[in-house]
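Undergrad: Residue 1590 in my numbering sits at position 762 of the sequence shown, and the numbers go up by one each step.
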Amino acid sequence: MAEATEAVGTSPLIAQYLSLKQPYPEALLLSRVGDFYEAYGDDAVELAQALTIVCTSKEAGKGKRVAMSGVPHHSVDHYLGRLLRQRRIVAIAEQMEEPVPNRLVRREIVRVLTPGTLLEEQFLTPERNNYVCAIATAAGFTAVAACDISTSQATVSVVDDDDALAAELDRLAPSEMVLATEEDEARYKSMVSESCKTTVRDPFDSMGEGVQSGNGQAAYASVLREMALAQRPAGHEAMALLERYLHYVRIDAAGVLRHTTVHETRKTMAIDRSTRRHLDLLSGSSESRSASLLNVLAKTETAMGSRLLAQWLCAPLLDIERICDRHDRVEALFDRIALRAQLQRGLRRIGDIQRLMQKIAARRAGPRDLAGLAASLRAALAVAADLRDEPASLLSPFAQAIAAGGACADVVSLLTRALVDEPAATLTDGGVFRVEYDEELCQLSSLRSAARDHLIALEGDVRAQSGLKGLKIRYTQAFGYYYEVTRSQAHAVPADFIRRQSLVNAERFTDARLKELEAKLLTARACQVALERRLFEALVDQLDSFRDPLQAAAESVAQLDVYCSLAQVAAERRYVRPTMTAESMLDVTAGRHAIVEAYGVADFVPNECSVDDTQRFLLITGPNMGGKSTYLRQTALICVMAQMGSFVPAARAKLGLIDRLYTRIGAGDDIAAGRSTFYVEMSEMALILRHCTRHSLLLIDEVGRGTGTIDGLSIAQSISEYLLELDTALPIVLFATHFHELVKLSDAYARVLNLHVAVAEEPAGPVFSHRVVPGSSSRSYGIAVATMAGLPRPIVDRAKAIAAELEARPGVEMRGARSPARAGRSAEAERQLHMEMP
829 MAEATEAVGT
839 SPLIAQYLSL
849 KQPYPEALLL
859 SRVGDFYEAY
869 GDDAVELAQA
879 LTIVCTSKEA
889 GKGKRVAMSG
899 VPHHSVDHYL
909 GRLLRQRRIV
919 AIAEQMEEPV
929 PNRLVRREIV
939 RVLTPGTLLE
949 EQFLTPERNN
959 YVCAIATAAG
969 FTAVAACDIS
979 TSQATVSVVD
989 DDDALAAELD
999 RLAPSEMVLA
1009 TEEDEARYKS
1019 MVSESCKTTV
1029 RDPFDSMGEG
1039 VQSGNGQAAY
1049 ASVLREMALA
1059 QRPAGHEAMA
1069 LLERYLHYVR
1079 IDAAGVLRHT
1089 TVHETRKTMA
1099 IDRSTRRHLD
1109 LLSGSSESRS
1119 ASLLNVLAKT
1129 ETAMGSRLLA
1139 QWLCAPLLDI
1149 ERICDRHDRV
1159 EALFDRIALR
1169 AQLQRGLRRI
1179 GDIQRLMQKI
1189 AARRAGPRDL
1199 AGLAASLRAA
1209 LAVAADLRDE
1219 PASLLSPFAQ
1229 AIAAGGACAD
1239 VVSLLTRALV
1249 DEPAATLTDG
1259 GVFRVEYDEE
1269 LCQLSSLRSA
1279 ARDHLIALEG
1289 DVRAQSGLKG
1299 LKIRYTQAFG
1309 YYYEVTRSQA
1319 HAVPADFIRR
1329 QSLVNAERFT
1339 DARLKELEAK
1349 LLTARACQVA
1359 LERRLFEALV
1369 DQLDSFRDPL
1379 QAAAESVAQL
1389 DVYCSLAQVA
1399 AERRYVRPTM
1409 TAESMLDVTA
1419 GRHAIVEAYG
1429 VADFVPNECS
1439 VDDTQRFLLI
1449 TGPNMGGKST
1459 YLRQTALICV
1469 MAQMGSFVPA
1479 ARAKLGLIDR
1489 LYTRIGAGDD
1499 IAAGRSTFYV
1509 EMSEMALILR
1519 HCTRHSLLLI
1529 DEVGRGTGTI
1539 DGLSIAQSIS
1549 EYLLELDTAL
1559 PIVLFATHFH
1569 ELVKLSDAYA
1579 RVLNLHVAVA
1589 EEPAGPVFSH
1599 RVVPGSSSRS
1609 YGIAVATMAG
1619 LPRPIVDRAK
1629 AIAAELEARP
1639 GVEMRGARSP
1649 ARAGRSAEAE
1659 RQLHMEMP
């Protein structure tokens, strides 16, 4: 077997491969050799194992052989996709010159592909951003620098604890995380999904040419000045680490980072990972991944709008003025049905301008990308025209932003003049530019046309002279131009014909005249292809100068798309505009669960939810399957929707701002980390109690059920008392429980309101109304639900007998007053304890 190690390579090709590989030891290097991308040595073995392909060997010099594997160039994207899904880094080396016999072809690494730094649409999901994040800690703060290479969107945020960092990483959902040390990897790895690639890079190592140039630092220097002074060191280190990594993977860091913005977490609702999942904000449960709030609201027509909608959903606002501004625009489109429909038809024709411009900036765009950009900008201008008839309205700024400075119109004009209506996919065969676009191109085109005319004339002459009426001049890439006749006519060809190829039913020939014309045609074609390549490069350079205004126009298109989407959903699903207030309160009339209503029952039962300073702790009891969890979730979803800018599923809603949203709903084992269901439940509660404020909304569902009844009840009551004794710092709490003893809390705490899910006792069994009404429930109807679920009759009967026996025993009376452990503790002492919790 050939040696796997690359050290055996001494042939020029292998030596070149080793030299290219040296700066990228962790990457799989694929080097273009003719029609294949090949890997050698250890990379060849790894590539073969990753792709389940054959690993062979190649002469390496000095009588030794080296392992070799490879993939065809025409299907390399398919294999690259498989490698990237395995979270691998792949370096691509291309041939930089035409092969010459007996000379090594010059090759250079032109691209380093990693999961978080992709530009190619075949590896990206149109509706979601693809972030690479760098994390750094300094002066007691942790900064997250994130960018989506494909859209040129970059942000930096600073947090002061790991809980906030985990929430920020969950908001971004990065595909790749860059860290400075292995210690950081151990600390942060659990905060991202398993599909996220973790890359550890020494921030002081050189990561490629240009890292020390300072261009990237100049690009993000201004954004650092927007941060608080104490946060700047962490922000600078995270941005510097990200900049170096982008250089390392051969990305123009200065271009990507120059419009970095500060994401201030204090200006958006804090939503942690478990809350995002409990509420199905971005994706549904494992049983129905599509049943999410994002999919309910997603009536967007563009990929840019889809990504922006997800961004808004992940970061609801805390600024009433900005929230109301969004509501104003949704309302303007809600009321204008015909205009909304017209705009959506126009938006449907707009491609992904953001990603197209980034491909152009990275010099990876093809002719059809440019044609797609022209068509998209043309459609965007048409949308802007539709809005020009709305002077002084809330929508006119979108038209102004799209048309600002005439950049879109200028680019459309330029590309229309330059490109043919349907350009070729690549530059290898010409046929991209209009001949009148360039004088030299016009001359070459004329030469080719004249030569083709001569070919037609030559074919007629030879056919007439030889009497071979079936003779034709044809062309293939392998044989060039040739005469073709049937085999039965081959004996009658002119004497000066030279045989080129014999087929089953035909013979192919050439002669001096055809060779001369062929040389002229191929020379003219080669010149035209070379010229079109130069023209294309110049055109791309010209387009890149429009990058900023076109990206600004694309952002306006995305915003308009989101507003149309929210208005469309509101109209279809009878949502209403919420009234926002600075008070800490909720008042929802006939509220509904947006996801259940869209994907579940058709006759959803609406409910009220009213919370103010006098009653801030809603204690909800009732049967299993009665709708307690749905009630909790729908209240949270209404708050999220309102603060992101959407109308809400209710008959009426007046809402105060929620600064932090927490859920303790359901739990599961974390076996990999050795954490039981109950431990996970208590960890979530600890996080909630560490961070909740007066303006937070807490959804607590069945806390304490993961352990024994006495322990669980004790913990549930203790948590309730702790929250209630926060006095003025009491958050809004919706607490659902089967511990019916807790309803006596209302005797000791005036701010507790008992609610329950109404049940009608019918001869055939209980009927759940799903109506949440004042008062408490003394039963959970668990056995009735078990019967409905089809539990075997003997088990149900035995359960009833056991329940009757247990109910006959004397119970332990629940205290209505404060527990002795808390008796005499002042409210101020309680608040101090709250602040000092670990």
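Cβ coordinates follow ideal geometry from the N, Cα and C atoms, glycine included.
Taking the alpha carbon of I1284 as the reference point, which residue from A1056, P954, N1452 and E1346 has its own alpha carbon closest?
TA: E1346
Undergrad: Hey, could you find the ends of the beta strand (DSSP E) R1488 is sitting in?
TA: First-last of the beta strand (DSSP E) with R1488: R1488 to I1493.
Undergrad: Inspect the CB distances between the segment 1088–1102 and the segment 1387–1403 and report whether three or more fall short of 8 Å.
TA: By the criterion of at least three beta-carbon pairs nearer than 8 Å, the segment 1088–1102 is not in contact with the segment 1387–1403.
Undergrad: DSSP three-state call for N1671: helix, strand or coil?
TA: This structure leaves residue 1671 out entirely; the chain is present only between 829 and 1666.
Undergrad: Leaving out five residues before and five after T1130 in sequence, what residues of the same chain have Cβ atoms less than 6 Å from its Cβ?
TA: L1175, I1178 and D1389
Undergrad: Ignoring anything shorter than 4 residues or poking outside the segment 1560–1622, list the alpha helix (DSSP H) runs there in chain order.
TA: 1573–1576 and 1610–1616
Undergrad: Rank A1169, Q1471 and A974 by C-alpha distance to the C-alpha of A1081 and give the top, closest one.
TA: A974
Undergrad: Quick one, which of V1290, H1319 and G1295 has its alpha-carbon nearest Y1310's?
TA: V1290
Undergrad: To the nearest whole angstrom, what separates the beta carbons of E789 and G898, a pair I think is in contact under 8 Å?
TA: Outside the shown range of the chain, which is 829 to 1666, sits residue 789, and nothing can be said about it.
Undergrad: Does the beta-carbon of V1429 have 16 or more other beta-carbons within 10 angstroms, so that it is buried, or is it exposed?
TA: exposed
Undergrad: So if DSSP puts Y1076 in a beta bridge, which residue, or which two residues, is it bridged to?
TA: For Y1076, which the question treats as bridged, DSSP gives no partner whatsoever.
Undergrad: Nearest-angstrom Cα distance between F1596 and I1181?
TA: 51 Å
Undergrad: Looking at C-beta atoms only, is the number of pairs between the segment 1415–1428 and the segment 1480–1495 that lie closer than 8 Å three or more?
TA: They touch, by the three-pair rule.
Undergrad: Between which two residues does the beta strand (DSSP E) holding F1337 run?
TA: A1334 to T1338
Undergrad: Kindly confirm or deny that the segment 1183–1190 and the segment 1137–1146 touch, where touching means at least three C-beta pairs closer than 8 Å.
TA: no
Undergrad: Kindly indicate which residue of M896, M1067 and L1394 has the alpha-carbon position closest to the one of A1126.
TA: Among M896, M1067 and L1394, the Cα nearest to that of A1126 is on L1394.
Undergrad: Alpha carbon to alpha carbon, how far is Y907 from L841? Give it in angstroms, no decimals.
TA: Cα to Cα, L841 sits roughly 23 Å from Y907.
Undergrad: With distance defined between alpha-carbon atoms, name the residue in P851, Q981, T1089 and D1257 nearest to Y1076.
TA: P851
Undergrad: In terms of residue numbering, what span does the alpha helix (DSSP H) encompassing C1152 cover?
TA: I1148 to D1163
Undergrad: Secondary structure at L1446, three-state DSSP: helix, strand or coil?
TA: strand
Undergrad: Work out the CA separation of D1625 and D1667 for me, nearest whole Å.
TA: Nothing in the structure corresponds to residue 1667, since the chain is present only between 829 and 1666.
Undergrad: Please name the residue or residues paired with Q1669 in a DSSP beta bridge.
TA: Missing from the structure shown is residue 1669; the chain here goes from 829 to 1666 and no further.
Undergrad: Please check the pair S1524 and Y1490, which I expect to be a contact at CB under 8 Å, by giving their CB distance rounded to whole angstroms.
TA: Their Cβ separation, rounded to whole angstroms, is 7 Å, which keeps S1524 and Y1490 in contact under 8 Å.
Undergrad: Please tell me whether L946 and I920 are closer than 8 Å, where the distance is taken between their beta carbons.
TA: no
Undergrad: Under 8 Å, do D991 and G968 count as touching if we go by C-beta distance?
TA: No; because the gap between Cβ atoms is not below 8 Å, this pair is not in contact.
Undergrad: Check Y1403 in the structure and name its three-state DSSP category.
TA: coil
Undergrad: Do D1012 and I963 have their C-beta atoms within less than 8 Å of each other?
TA: yes
Undergrad: What are the uninterrupted segments assigned as beta strand (DSSP E) that are 3 or more residues long and contained completely in the segment 1406–1476, given in chain order?
TA: 1407–1409, 1414–1419, 1435–1439 and 1445–1449
Undergrad: Which two residues bound the contiguous beta strand (DSSP E) that contains G1308?
TA: Run containing G1308: G1308 to T1314, per the beta strand (DSSP E) assignment.
Undergrad: Distance, Cα to Cα, T1535 vs F1506?
TA: 6 Å
Undergrad: For V918, which beta-bridge partners are listed by DSSP?
TA: L856 and L941
Undergrad: Kindly indicate which three-state DSSP category V894 falls into: helix, strand or coil?
TA: strand
Undergrad: Within a Cβ cutoff of 7 Å, which residues of the same chain sit near I1079, ignoring the five residues on either side of it in sequence?
TA: T945 and I977
Undergrad: Would DSSP call C1142 helix, strand or coil?
TA: helix
Undergrad: Could you pull out every residue in the same chain whose Cβ sits closer than 6 Å to the Cβ of H1155, ignoring the five residues on either side in sequence?
TA: Closer than 6 Å at Cβ, skipping near neighbours: R1405.
Undergrad: Once you ignore the five residues that flank L1070 on each side, which residues in its own chain have a CB closer than 6 Å to its CB?
TA: A962 and A973
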